[in-house]
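*Asks:* Structure incoming, see below.
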């Protein structure tokens, strides 16, 4: 375990890739020393603006900005509610912006909130979140695409999905319609877990079983995302490439620190410091 006091180490990278002229992906990671971690936990988000529509980069930035603003201003201990509010507002914000611009704008959005040993995941689109535990790889999200539906219906094998000519055709994303339903799920975390958020520019050229080796088992977190992006480019990714690597060194403390509870604890601490622990002991001291 590294010397850092933070139980979670995280890094992220977004890259235009070798083919596209514009990077329409957006990512954001909570600052490891941010005060909001004590009230709302750790938050990470990745959005992939739809290249087939206009202003995909604008859409992805709006999604990420709205996600962090709404989630971290929501009630403490209500991750699912805060995600639903954030995704709803992000969708409407992009939809309204598209109306003003007289254009079609859309983006994926995949996010994870970590509080104690519980991770809450919210997702729309075909970006992905992977959990790597003891060399086992689990995808925690479903692709909201026609091809993804075919795989779940067993009309198409998973190994054919990455090369299917309709892979990028989404049937659910933010910004296209006034209302959208986000998938929300939870998973319990363990010490040593690795989590990877990634856009399809990464996972389309990297097989799931390769992730443990690519993520590595060393403590040099800073080089992980560079390695992932470089490998995707080496394999011929034709899209923007974005990844967020999260390493759970130790499951964080489960207690969320609501502002009102912080105030109560400060008062209790102050009173404890000025009042004698034992009234009889206090009288004896005064009598000396």
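Residue numbers (the working numbering): -16 to 271.
Built from N, CA and C at the ideal position, the CB exists for glycine as well.
Confirm, please, whether the CB-CB distance from residue 57 to residue 235 is below 8 Å.
*Replies:* no
*Asks:* When you compare the CB positions of residue 168 and residue 123, do they come within less than 8 Å of one another, or not?
*Replies:* Cβ atoms of residue 168 and residue 123: closer than 8 Å.
*Asks:* Between residue 63 and residue -11, what straight-line distance do the alpha-carbon atoms span, to the nearest angstrom?
*Replies:* 24 Å
*Asks:* Are the Cβ atoms of residue 31 and residue 225 separated by less than 8 Å?
*Replies:* In this structure, residue 225 lies closer than 8 Å to residue 31 by Cβ.
*Asks:* Tell me which residue opens and which closes the beta strand (DSSP E) that residue 42 is part of.
*Replies:* Not the beta strand (DSSP E): residue 42 falls in the alpha helix (DSSP H), residues 39 to 55.
*Asks:* Given a threshold of 16 other Cβ atoms within 10 Å of its Cβ, counted over all protein chains shown, does residue 89 qualify as buried or as exposed?
*Replies:* Taking all protein chains in view, the Cβ of residue 89 is crowded by 16 or more other Cβ atoms within 10 Å, so the residue is classified as buried.
*Asks:* Among 77, 130, 132, 212, whose alpha-carbon lies nearest the alpha-carbon of residue 162?
*Replies:* 77
*Asks:* What residues are listed by DSSP as bridge partners for residue 28?
*Replies:* 11, 94
*Asks:* For residue 219 and residue 84, what's the separation of their Cα atoms in angstroms?
*Replies:* 34 Å
*Asks:* Let me confirm a value: residue 152 is counted as buried when at least 16 other C-beta atoms fall within 10 Å, else exposed. Which label applies?
*Replies:* exposed
*Asks:* On a CA-only basis, which of 141, 131, 92 is nearest residue 110? Give me that one, please.
*Replies:* 92
*Asks:* What does the alpha-carbon distance come out to for the pair residue 136 and residue 112?
*Replies:* 21 Å
*Asks:* CB residue 228 to CB residue 194, shorter than 8 Å?
*Replies:* No, the pair does not count as a contact, with Cβ atoms beyond the cut-off.
*Asks:* Ends of the alpha helix (DSSP H) at residue 133?
*Replies:* 129 to 135
*Asks:* Could you tell me the distance, in whole angstroms, from the CA atom of residue 49 to the CA atom of residue 231?
*Replies:* 26 Å
*Asks:* Quick one: give me the first and last residue of the alpha helix (DSSP H) that residue 208 is part of.
*Replies:* Where residue 208 is concerned, the enclosing alpha helix (DSSP H) stretches over 207 to 217.
*Asks:* Taking the beta strand (DSSP E) that residue 230 belongs to, which residues open and close that run?
*Replies:* 224 to 231
*Asks:* Judging by CA-CA distance, which residue of 53, 150, 80 is the nearest neighbour of residue 70?
*Replies:* 53
*Asks:* Let's test the definition: count the other Cβ atoms within 10 Å of the Cβ of residue 250 and tell me whether it reaches 16, buried, or not, exposed.
*Replies:* Caution applies to residue 250, whose pLDDT of 42 falls short of 50 and renders its modelled position unreliable; the model cannot decide the point.
*Asks:* Who does residue 113 pair with in a DSSP beta bridge?
*Replies:* 122, 179, per the DSSP bridge assignment.
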